[in-house]
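K.L.:
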Amino acid sequence: MGAEMANRKDSKIVTITPTEPLLCHVHDSFFHHLHLNSSSTFNPQSNFIYILSLALPFFPSQFCVRFQRFSITHCLISLLLLRFWKYCAFKMSSPSKRREMDVMKLMMSDYNVEMINDGLNEFNVEFHGPKESLYETGVWKIRVELPDAYPYKSPSIGFVNKIFHPNVDELSGSVCLDVINQSWSPMFDLLNVFEVFLPQLLLYPNPSDPLNGDAASLMMKDRKQYDEKVKEYCEKYAKENTAEDDSEEEDEMSDNESGSSDGDVTRHADP
1 MGAEMANRKD SKIVTITPTE PLLCHVHDSF FHHLHLNSSS TFNPQSNFIY ILSLALPFFP
61 SQFCVRFQRF SITHCLISLL LLRFWKYCAF KMSSPSKRRE MDVMKLMMSD YNVEMINDGL
121 NEFNVEFHGP KESLYETGVW KIRVELPDAY PYKSPSIGFV NKIFHPNVDE LSGSVCLDVI
181 NQSWSPMFDL LNVFEVFLPQ LLLYPNPSDP LNGDAASLMM KDRKQYDEKV KEYCEKYAKE
241 NTAEDDSEEE DEMSDNESGS SDGDVTRHAD P
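To convert, note that position 259 of the sequence shown is 259 in the UniProt record's numbering; the numbers rise steadily by one, no gaps.
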């Protein structure tokens, strides 16, 4: 009995580093657990006990008494890297799936989305000017067109109602493509357009690469008059009712054009 107790005192706790099969087991079981609980985010703190319960059966009993922190940290880092790889794979999935997911995500957000046709390639989004800017009081209807190569190619965006801005064409409302193309990546989605790109565009106009020469010239020569002009356009063209009226006028104009072309065909047919 005494010899057995002495052997126990002399025994040392063996440090075991998790092996690759263990990491695979923990990874597969853990993300299956996340899927069953409808969770898409990995939270090491809230799921730490679950990860540990998966890992401990692979270690000897001594490890249950005292485990090395490095081993558990190794597990968590590996899981985070695997999770990040899985996220990147989703973001780089087929264009049709990404288009559908991004449009649905935008529709479920705080933005009002109006589909133009049965497809998901063209729609309008209500956009409010960023706070603490010259455009703060403005509300615009933004026309979005997704190319077939989206998300590998950036979306085309344009203002339906007028805005006075150096990088926005006053007649067509189209936005300078360089504003988006220079920093666009497939990792971005449609929410980034309305939460990052457009607010940055209105907060930091670039008069050196203008689509509206008058706005760029006025901004560089007389900033005070430029500010007044921006606010004037916001008051005149960028109210919620104004944006809806402009959209209805465009629809009526297109209907009238199609009607007039039909009338011309009829007159030519009847001598």
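We put the beta carbon where it would ideally sit given N, CA and C, even for glycine.
A quick note: this is a predicted structure, and the numbers were derived from the prediction, not measured.
Report the CB separation of residue 130 from residue 202 in whole angstroms; it is logged as a contact under 8 Å.
P.N.:
About 6 Å separates the two Cβ atoms, so the contact holds.
K.L.:
Output yes or no for whether 7 Å exceeds the beta carbon distance between residue 127 and residue 140.
P.N.:
For residue 127 and residue 140, yes; Cβs fall inside 7 Å.
K.L.:
Please identify the residue among 113, 172, 119, 205 whose C-alpha is closest to the C-alpha of residue 125.
P.N.:
The shortest Cα separation from residue 125 among 113, 172, 119, 205 belongs to 113.
K.L.:
Just verifying my parser: in three-state terms, what is the DSSP assignment at residue 141?
P.N.:
Note: residue 141 maps to strand in three-state DSSP.
K.L.:
Please classify residue 113: does DSSP put it in a helix, a strand, or coil?
P.N.:
Residue state, collapsed to three classes: strand.
K.L.:
Where residue 161 and residue 135 are concerned, what is the direct C-alpha to C-alpha distance, given to the nearest angstrom?
P.N.:
Using only the alpha carbons, I get a separation of about 13 Å.
K.L.:
Just the Cα atoms here: how many angstroms apart are residue 95 and residue 190?
P.N.:
Spanning the two alpha carbons is a distance of roughly 13 Å.
K.L.:
Use the C-beta contact count for residue 212: other C-beta atoms within 10 angstroms, 16 or more gives buried, fewer gives exposed.
P.N.:
Its Cβ being crowded by 16 or more others within 10 Å, residue 212 is buried.
K.L.:
Is it buried or exposed, residue 117, if we count other Cβ atoms within 10 angstroms and call 16 or more buried?
P.N.:
Under this definition residue 117 is an exposed residue.
K.L.:
Are the Cβ atoms of residue 166 and residue 238 separated by less than 7 Å?
P.N.:
Their beta carbons are not under 7 Å apart, which means residue 166 does not touch residue 238 by this criterion.
K.L.:
For residue 219, count the other beta carbons within 10 Å of its own beta carbon; 16 or more makes it buried, fewer makes it exposed. Which is it?
P.N.:
Answer is buried; the Cβ neighbour count reaches 16.
K.L.:
Have a look at the DSSP bridge pairing and note the partners of residue 168.
P.N.:
According to DSSP, which records beta bridges pairwise, residue 168 is partnered with 175.
K.L.:
Could you give the DSSP three-state label for residue 192: helix, strand or coil?
P.N.:
Reduced to three states, the DSSP call for residue 192 is helix.
K.L.:
Classify residue 223: buried if its beta carbon has 16 or more other beta carbons within 10 angstroms, exposed otherwise.
P.N.:
It counts as exposed.
K.L.:
Which one of 233, 207, 170, 180 has the shortest CA to CA distance from residue 195?
P.N.:
Residue 180 is the option with its Cα nearest to residue 195.
K.L.:
Would you tell me roughly how many angstroms separate the C-alpha atoms of residue 173 and residue 77, rounded to the nearest one?
P.N.:
Each residue's alpha carbon lies about 47 Å from the other.
K.L.:
Go through its chain and collect everything with a Cβ distance to residue 199's Cβ below 7 Å, but skip five positions before and after it.
P.N.:
130.
K.L.:
Are the Cβ atoms of residue 157 and residue 144 separated by less than 7 Å?
P.N.:
Cβ atoms of residue 157 and residue 144: closer than 7 Å.
K.L.:
For the ligand NAD, any of its heavy atoms closer than 6 Å to the Cβ of residue 122?
P.N.:
Inclusion of the ligand NAD in the displayed structure is not the case, the ligand content being empty and no account of it being possible.
K.L.:
Which residues in the same chain have their Cβ closer than 7 Å to the Cβ of residue 100, if we skip the five residues on either side of it in sequence?
P.N.:
Only 120 meet the Cβ criterion.
K.L.:
When you compare only the Cα positions, how much space is there between residue 234 and residue 103?
P.N.:
Distance between the alpha carbons of residue 234 and residue 103: 28 Å.
K.L.:
Assign residue 146 to one of two classes, buried (16 or more other C-beta atoms within 10 Å of its C-beta) or exposed (fewer than that).
P.N.:
It is buried - the Cβ of residue 146 has at least 16 other Cβ atoms within 10 Å.
K.L.:
Check residue 160 in the structure and name its three-state DSSP category.
P.N.:
DSSP places residue 160 in coil when its eight states are reduced to three.
K.L.:
Measuring alpha carbon to alpha carbon, tell me which residue in 80, 97, 228 is nearest residue 163.
P.N.:
Minimum Cα distance to residue 163 is reached at 228.
K.L.:
Can you tell me where the alpha helix (DSSP H) holding residue 235 begins and where it ends?
P.N.:
That run of the alpha helix (DSSP H) goes 223-237.
K.L.:
When you compare the CB positions of residue 184 and residue 154, do they come within less than 7 Å of one another, or not?
P.N.:
Going by C-beta atoms, residue 184 is nearer than 7 Å to residue 154.
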